[in-house]
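One structure is given here, and the rest of the page talks about it.
Residue numbers (the working numbering): 7 to 58.
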């Protein structure tokens with residue numbers, strides 16, 4: 007059976023993953039709320055349902 011362990015030289019060399027952006031879309035009768043959060047700030051909109 008092959009040894010599948012990572013070699014010692016490659017352990018700990020990968021960068022930790024970080025969250026780039028998070029967001030939410032909430033739909034209710036008559037309107038849609040959209041919010042996006044990034045390191046730069048927060049943006050969002052409230053639109054009538056079906057509007058583009």
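We put the beta carbon where it would ideally sit given N, CA and C, even for glycine.
- Per the C-alpha coordinates, the member of 44, 21, 20 positioned closest to residue 28 is 44.
- Residue pairing by DSSP puts residue 42 in a beta bridge opposite 29, 49.
- DSSP links residue 37 through a beta bridge to 34, 54.
- In the same chain as residue 49, and ignoring 5 residues on each side of it, the C-beta atoms closer than 7 angstroms to its own belong to 42, in chain order.
- A Cβ-Cβ separation of about 5 angstroms places residue 39 in contact with residue 32 under the 8 angstroms criterion.
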